[in-house]
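Undergrad:
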Amino acid sequence: MQAAKKNFLSLFFALFLLLNLRPMPIQAASSMWDTAKDGGIETIGSEAFGITSGQEKDPRILAAGFIKVFLGVLGLVFLILIISAGFNYMTAQGSTEKIEKAIGQIKAAAIGLIIILAAYSIAGFVIDQIFNVINRYD
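Quick note: the sequence shown, position 27, residue 857 per my numbering, numbers continuous.
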């Protein structure tokens, strides 16, 4: 049984390396590098974000961006909690106390994810409605 498991893992690892270390086609030069050479980082920023260094960004857009980044970080925290709880569950070694604690952590993380997704969707809806009202009267 151990030999079969070892052979399977070796095959899996070899396939993983084969598929991920193959030559990848690349492009020679992109317009971003030409832009960086000609105009610098400000030109790239203005093309990427649609503003120049002299313009001020609308505070509503900044707030919307902050909310999205904050909720994205909370999603990353959820992922870390799930991985940690899963590790605790896998290393419980049959101890019912450790298993129950790990399951409790997974349940708490899942409830947190539901709250994060609800907050993300509510914030997105409210921000869209605010932009619709503001754009209607501009």
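Beta carbons are placed, not taken as given, at the ideal position from N, Cα and C, and that holds for glycine.
All figures in this text were calculated on a predicted structure; none of them were measured in a lab.
Three-state secondary structure (DSSP) at Ala922?
TA: In this structure, Ala922 counts as coil in the three-state DSSP scheme.
Undergrad: Rounded to whole angstroms, how far is the Cβ of Ala948 from the Cβ of Ala915, which I believe are closer than 8 Å?
TA: 21 Å between Cβ atoms; not a contact.
Undergrad: For Arg966 and Ile936, what's the separation of their Cα atoms in angstroms?
TA: Their backbone Cα atoms lie some 45 Å apart in a straight line.
Undergrad: Helix, strand or coil: which one does DSSP assign to Asp958?
TA: Correct three-state label for Asp958: helix.
Undergrad: Between Ile897 and Ala833, which are expected to be in contact by the criterion C-beta below 8 Å, what is the C-beta distance as a whole number of angstroms?
TA: Not really, about 54 Å apart at Cβ, beyond 8 Å.
Undergrad: From Ile946, Phe842, Asn837, pick the residue whose C-alpha is nearest to that of Phe900; which is it?
TA: The shortest C-alpha separation from Phe900 is found at Ile946.
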